[in-house]
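Engineer: Sending over a structure as structure tokens; questions will come in a sec.
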Amino acid sequence: MNKTFVCVALLLAVSLSACNQPAKTPPPVDQGAATPAPGGGTATVDAQGIYKQNCISCHGANFEGGVGPNLTKVGGKYSKDQIAAIVANGRGGMPAFKGKLSDADTGAISDWLAAKK
């Protein structure tokens, strides 16, 4: 009985001490690109949000591809302007987003993807 009590108490103490460890904070994620706003200045467009809303279902959460191609190093293969043209006009099985995304959104997602090299 004493051994069981000691083992349970020790297990409880170890479990509780593990709960007191500080949480690891993830590295900051580039949320968007600064895009020229009408009338001067810049407006931050959430490129990551645009990706999650429009691209993630085909290109994956980690850009690994699936239905659509892998985008992990798309910036090493295409320029920002080429990516913008593909986003706007579509390509292969990819639909065109010209009517769905604004020019600012297309520019932000293109800048963001072009940085992935």
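Under mature numbering (1 follows the signal peptide of the UniProt record, and there is no 0), residues -20 to -1, 1 to 97 are what the sequence shown spells out, in order.
C-beta atoms are modelled at their ideal positions from N, C-alpha and C, and glycine is treated no differently.
Bear in mind that the values here come from a model prediction, so they are computed numbers and not experimental data.
Within a Cβ cutoff of 8 Å, which residues of the same chain sit near asparagine 42, ignoring the five residues on either side of it in sequence?
Structural biologist: Walking along the sequence shown from the start, residue 42 turns up at place 62. Cβ neighbours of asparagine 42 beyond the five flanking positions: Thr52.
Engineer: Assuming valine 54 is part of the alpha helix (DSSP H), what are its boundary residues?
Structural biologist: As a first step, residue 54 is located in the sequence shown; it is residue number 74 there, counting from the start. Run containing valine 54: 54 to 57, per the alpha helix (DSSP H) assignment.
Engineer: Cβ atoms of alanine 68 and lysine 78: under 7 Å apart, would you say?
Structural biologist: Counted from its first residue, the sequence shown places residue 78 at position 98. Counted from its first residue, the sequence shown places residue 68 at position 88. Yes. Within cutoff.
Engineer: With DSSP collapsed to three states, give me the class of valine -7.
Structural biologist: By one-based count along the sequence shown, residue -7 stands at place 14. Three-state result, valine -7: helix.
Engineer: Considering serine 82, what are the terminal residues of the alpha helix (DSSP H) in which it resides?
Structural biologist: Against the sequence shown, residue 82 aligns to sequence position 102. Where serine 82 is concerned, there is no enclosing alpha helix (DSSP H), because DSSP gives it neither an H nor an E.
Engineer: Measure the CB-CB distance between glycine 55 and alanine 94 and report whether it falls below 7 Å.
Structural biologist: In the sequence shown, counting from the first residue as 1, residue 55 sits at position 75. In the sequence shown, counting from the first residue as 1, residue 94 sits at position 114. Their beta carbons are under 7 Å apart, which means glycine 55 touches alanine 94 by this criterion.
Engineer: DSSP three-state call for valine 67: helix, strand or coil?
Structural biologist: If you number the sequence shown from 1, residue 67 lands on position 87. Of the three classes helix, strand and coil, the one that applies to valine 67 here is helix, per DSSP.
Engineer: What three-state label does DSSP hand valine -13 in the structure shown?
Structural biologist: Taking the sequence shown and counting its residues from 1, one reaches residue -13 at position 8. Of the three classes helix, strand and coil, the one that applies to valine -13 here is helix, per DSSP.
Engineer: Please return the same chain residues whose Cβ sits closer than 7 Å to the Cβ of alanine 76, not counting the five positions on each side in sequence.
Structural biologist: As a position in the sequence shown, residue 76 is number 96, starting the count at 1. Cβ neighbours of alanine 76 beyond the five flanking positions: Ala68, Asn69 and Gly70.
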